[in-house]
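What follows is one structure encoded as structure tokens, with my remarks underneath.
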Amino acid sequence: MKKSVNLPISTSFRSSSLDSFKRMYEIEPMVLGGGAFGKVFQGHDTKNPSVKVAIKVIEKKTLGSNIDLVKSECQILRNLDHPNIINYRDVYESPTSVYIVTELCKGRDLFQIYCKKSVVMNEYDCAKLAKTLIKALIHCHSEKIVHRDLKLENIMFADEDESDFSNVKIIDFGLAAKFQGIHSTKMSGVVGSPYFTAPEVFDDDYNESCDIWSLGVILYVLLSGDYPYTANSVSLLKDQIKVKEVQFPYRKWDIISESVQDLLYKMLDNFPRSRITLKECLEHEWFKSIKNEEISKISDEEELNDVMESLQKYNSLTILHKEAMSVFVKSLNSNELKKLEEIFSDLDEDNTGMITPEELQAGLKKLGKKTSAKEIKSIISKVDYLGNGKINYSEFLAATVKVKDLLSEEQIATLFENFDVDGSGIITIDNLKEAFSKNGKHLSEQEIDAIMKEHDLEKNGVLTYEEFRAMMLQNVDF
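Quick note: the sequence shown uses full-length UniProt numbering, first residue 1, plus one each step.
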């Protein structure tokens with residue numbers, strides 16, 4: 001079959017300056033990890049030091065032609081919006097370095113928890129974890145993004161509670177790629193960690209189903225403590241992965257259900273065309289077989305009703321207010337958003353990371369509320385900032401989060417600095433243009449002018465902090 005090259009990421013790489021970075025964040029001494037191109041440090045918001053972030057510092061001299069990988073990673077992270085995928089904040093650039101800022105995962109990764117201590121996971125916990133990761137990958141693939149480097153080290157707990165498997169994050173999209181079209185689209189480039197690499201990747205001719213293989217290896221290791229394929233060299237390992245059918249040795253698998261073994265057998269199918277899909281994974285008998293303790297719908301009626309009322313009453317915010325809310329909700333930690341994350345997951349029945357009109361209508365129907373297609377369209381149009389006819393995760397949070405409980409003066413100051421990109425103490429037309437652009441939103445001159453006129457109460461051609469603060473506190477009853 002003829003191979004095609006990977007779909008190139010947009011060449012627009014809008015980054016802020018080092019001065020902007022220093023105004024927004026401070027790097028702490030704690031090193032969280034490292035790789036071939038740089039280190040990841042813990043950092044914090046300069047206006048609110050209690051808000052911690054992860055900062056990947058990449059030296060340009062180590063990149064060479066690989067600068068495109070950094071551009072690709074930032075663009076991909078910007079396009080993903082899911083509770084179980086690492087939350088991208090911003091990218092900054094100096095003459096010598098690139099700084100990628102993301103949310104900080106305070107828990108450990110799966111390798112640190114299980115493999116280093118030779119601990120295996122029970123099937124119930126593994127099922128909860130598997131469902132969470134499958135749903136996150138469905139979102140990636142629905143956005144035409146394949147991770148290509150799924151492994152134990154790239155799945156982290158968002159906080160210290162390492163018993164909550166709905167609170168894990170897929171991290172490190174440095175090798176991820178954008179693909180085009182339907183499932184048969186082929187990619188090239190031998191990437192990833194050999195133990196987790198699908199056989200077709202070694203042949204340099206594959207599609208997004210390589211992520212399903214990698215997830216199968218992860219689950220195999222967590223349940224048994226062993227890798228499905230081992231060898232004394234990468235060359236021998238590759239040969240085994242390409243031709244050998246996965247085995248389940250009795251000494252390790254005799255107490256593990258045949259149902260999960262069947263699922264793993266289908267995920268680790270050497271032939272990608274017959275490999276199980278992510279949707280089929282969720283429908284597998286294994287998840288049904290543990291229904292006595294099943295990961296069930298967790299939103300109670302009262303909480304769901306509150307959220308639905310928030311969506312129905314949501315006043316259409318201005319473009320600037322919506323952009324500020326989009327930045328704000330990404331600064332909140334998982335504990336603050338836990339219940340909303342659960343409700344979003346319940347409503348997102350097809351697991352794409354988007355709430356469709358049909359899914360919203362189904363949620364209202366659960367509460368005995370009859371709504372017409374016109375009413376549903378009206379609700380979505382007020383929340384749908386991206387204009388795709390659906391509600392994505394950040395839009396959902398912006399419409400339902402209790403602002404009065406979470407928005408502090410320090411956070412307003414930080415949000416203001418996000419738009420005051422040159423640190424002048426005011427927001428100018430050029431500031432607005434740059435702030436929207438670096439977040440992937442390209443507005444026309446007329447749209448930028450309209451934003452300024454809408455919020456420039458003093459009619460002096462700029463936005464002051466007081467004007468910005470008034471916008472953020474609009475309709476907030478303290």
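Using N, Cα and C, we set each Cβ at its ideal position, and we do this for glycine too.
Check: Residue of Leu386, Glu358, Lys366, Gly461 minimising C-alpha distance to Lys374; Outcome: Glu358
Check: For Leu215, the three-state DSSP class (helix, strand or coil); Outcome: helix
Check: Simplified DSSP assignment, three categories, for Gln247; Outcome: coil
Check: Span of the alpha helix (DSSP H) around Glu103; Outcome: First-last for Glu103: 97-103, but that is the beta strand (DSSP E), not the alpha helix (DSSP H).
Check: Glu294 versus Asn351: straight-line alpha-carbon distance, rounded; Outcome: Only weak support exists for where Glu294 lies, its pLDDT of 43 falling under 50; the coordinates are left without a value.
Check: Cutoff 6 Å; reference Trp286; Cβ partners in own chain excluding five residues on either side; Outcome: Ser259, Val260, Leu263
Check: Whole-Å CB distance - residue 487 paired with Ile379, under 8 Å assumed; Outcome: Since the displayed the chain opens at 1 and closes at 478, residue 487 lies outside it and no answer follows.
Check: Under 8 Å between C-beta atoms of Met354 and Lys390; Outcome: yes
Check: Reduced DSSP secondary structure (H/G/I, E/B, other) of Val51; Outcome: coil
Check: Span separating the alpha-carbon of Leu110 from that of Gln312; Outcome: 40 Å
Check: Contact the segment 331-343 vs the segment 152-161: 3+ CB pairs below 8 Å; Outcome: yes
Check: Cutoff 8 Å; reference Lys61; Cβ partners in own chain excluding five residues on either side; Outcome: Thr96
Check: Assigned secondary structure, Val329 (DSSP; H/G/I helix, E/B strand, else coil); Outcome: helix
Check: Spatial neighbours of Glu309 in its chain, beta-carbon cut-off 7 Å, leaving aside the 5 residues before and after; Outcome: none
Check: Span of the alpha helix (DSSP H) around Glu303; Outcome: 301-313
Check: Start-end ranges of the beta strand (DSSP E) lying completely within the segment 254-289, minimum 3 residues; Outcome: none
Check: Where residue 484 falls: helix, strand or coil (DSSP); Outcome: Since the displayed the chain opens at 1 and closes at 478, residue 484 lies outside it and no answer follows.
Check: For Asn392: DSSP bridge partner residues; Outcome: Met354
Check: Counted within 10 angstroms of its Cβ, other Cβ atoms place Ser381 as buried (16 or more) or exposed; Outcome: exposed
Check: The segment 411-424 contacting the segment 17-34, beta-carbon criterion three pairs below 8 Å; Outcome: yes
Check: Cα-Cα separation, Asp226 to Gly33; Outcome: 25 Å
Check: Closest residue to Lys365 among Ile218, Ser394, Glu301, Ala198 (Cα-Cα distance); Outcome: Glu301
Check: Whole-Å CB distance - Leu415 paired with Met472, under 8 Å assumed; Outcome: 7 Å
Check: Beta-carbon proximity list for Leu236, same chain, < 8 Å, skipping 5 on both sides; Outcome: none
Check: For Glu59, the residue or residues it bridges with in DSSP; Outcome: Ser97
Check: For residue 494, the residue or residues it bridges with in DSSP; Outcome: Only positions 1 to 478 of the chain appear in the structure, and residue 494 is not among them; the question remains open.
Check: Contacting residues, own chain, Cβ-Cβ under 7 Å from Glu303 (five flanking each side not counted); Outcome: Lys339, Ile343
Check: Own chain, CB closer than 7 Å to Asn87, minus 5 neighbours either side, in chain order; Outcome: Thr102, Glu103, Lys330
Check: Local Cβ density within 10 Å of Arg148, reported as buried at 16 or more and exposed below that; Outcome: buried
Check: Beta carbon of Ser326 nearer than 8 Å to that of Ser394; Outcome: yes
Check: Close-in-space but distant-in-sequence residues of the same chain around Ile255 (CB under 8 Å, 5 per side omitted); Outcome: none
Check: DSSP-derived helix/strand/coil call for Glu26; Outcome: strand
Check: Closest Cα partner of His455 within the set Asn439, Leu317, His442; Outcome: Leu317
Check: 4 or more residues per run - each alpha helix (DSSP H) lying fully within the segment 122-184; Outcome: 123-142
Check: Separation of Pro49 from Ile27, as counted between CA atoms; Outcome: 11 Å
Check: Rounded straight-line distance, which links the Cα of Val98 to that of Gly38; Outcome: 10 Å
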